[in-house]
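Since the structure comes first, as structure tokens, the remarks are kept for the end.
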Amino acid sequence: MFQNLIALLLLVGNGLVTGVFFAVRVSVLPALATMPAGRYIETHRLLGKGYHPAMPVIVNATTLCAIGLAILTPDLVARLLLVGTVVALLVVQAVSHLGNVPLNRALTKIEPEHVPDDWDDPRPVWSRWHGLRTLAALVAMACSSTTAVVYV
Numbered sequence: 770m771f772q773n774l775i776a777l778l779l780l781v782g783n784g785l786v787t788g789v790f791f792a793v794r795v796s797v798l799p800a801l802a803t804m805p806a807g808r809y810i811e812t813h814r815l816l817g818k819g820y821h822p823a824m825p826v827i828v829n830a831t832t833l834c835a836i837g838l839a840i841l842t843p844d845l846v847a848r849l850l851l852v853g854t855v856v857a858l859l860v861v862q863a864v865s866h867l868g869n870v871p872l873n874r875a876l877t878k879i880e881p882e883h884v885p886d887d888w889d890d891p892r893p894v895w896s897r898w899h900g901l902r903t904l905a906a907l908v909a910m911a912c913s914s915t916t917a918v919v920y921v
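Quick look at the structure:
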């Protein structure tokens, strides 16, 4: 029963992470790409106010659920799938902290009303980093879903 609860929390967390990343990829990023620089910076900051406190907590809690379930699961194949989930979620965290977050921090130093003419637009790089973490989240979701459907 305890394993089922952890599996449920894992799937909910994984679904939230993957769903948010997918929505950002297919809807938010295309909208941001059409905006003038100042408006983009302002909108990016507004979006970040909700994502930044919530997403790291959800990703970390989901990772802990995957680790816990991997420890409790006696089946070797299920454990390997859960290790795959953990690795993919660690990739999500690494890409976020090493790729997207530094770009986010750089945007806080620019006033939306005074964007320099020689501004290096981070949107293409940010989008590539986000694509990588979205793919990692999808891999985590596939591994954890397979585990839940077949083994739990």
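The numbers in the sequence shown follow the working numbering, run straight up by one, and end at 921.
Yeah, the Cβ is synthetic: ideal placement off N, Cα and C, and Gly gets one too.
- Query: If you drop the 5 nearest sequence neighbours on each side, which residues of the same chain put their C-beta closer than 6 Å to that of Val-860?
  - Reply: Ala-905
- Query: Considering only residues of the same chain and omitting the five flanking positions on each side of Met-804, which have a CB-CB separation below 7 Å?
  - Reply: Thr-812
- DSSP three-state call for Tyr-809: helix, strand or coil? helix
- Query: For Ile-775, which residues from the same chain have a beta carbon less than 8 Å from its beta carbon, with the 5 sequence-adjacent residues on both sides left out?
  - Reply: Cys-834, Gly-837, Leu-838, Leu-841
- Message: Val-894 and Thr-831 - do their beta-carbons sit closer together than 9 Å?
- Response: no
- Task: Report the option in Gly-788, Glu-882, Thr-854 whose CA atom is closest to the CA atom of Tyr-809.
- Result: Glu-882
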